[in-house]
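Q:
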């Protein structure tokens with residue numbers, strides 16, 4: 026199912042950008058940036074990794090949809106190839 030794949034892709038991207046973060050400890054409804062300690066550069070790197078997984082650009086207007094695990098999975102799942 027794309028939801029499971031989207032979850033995996035997202036946590037993999039977070040793990041690459043913030044290797045010291047335990048993905049299992051992240052709360053799905055809380056801000057990823059706050060929980061993982063992502064600064065703006067880290068966040069943009071995560072977006073780039075997600076865009077690679079989608080094989081498409083993620084418009085800047087869509088960045089707020091990547092704020093939490095829940096919202097990011099909902100955004101990514103229907104867009105994954």
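In this note's numbering, the protein residues as written are 26 to 106.
C-beta: ideal position from N, C-alpha, C; glycine also.
When the distance is taken between beta carbons, is residue 98 closer than 9 Å to residue 28?
A: What you label residue 28 is simply residue 3 of the chain shown in a count that begins at 1. What you label residue 98 is simply residue 73 of the chain shown in a count that begins at 1. Against a cut-off of 9 Å, the Cβ pair of residue 98 and residue 28 comes out as a contact.
Q: Which value, in whole angstroms, describes the spacing of the CA atoms of residue 31 and residue 104?
A: The sequence position of residue 31 within the chain shown is 6, counting from 1. The sequence position of residue 104 within the chain shown is 79, counting from 1. A straight line joining the alpha-carbon of residue 31 with that of residue 104 spans about 9 Å.
Q: Can you list, in chain order, the residues of its chain whose CB lies under 8 Å from that of residue 40, leaving out five sequence neighbours each side?
A: Within the chain shown, the letter at position 15 stands for residue 40. Counting only Cβ-Cβ distances below 8 Å, and skipping sequence neighbours, we find 46, 48.
Q: Do you know offhand how far residue 85's Cα is from residue 33's?
A: Within the chain shown, residue 85 is the residue found at index 60, counting from 1. Within the chain shown, residue 33 is the residue found at index 8, counting from 1. Cα-Cα distance, rounded: 22 Å.
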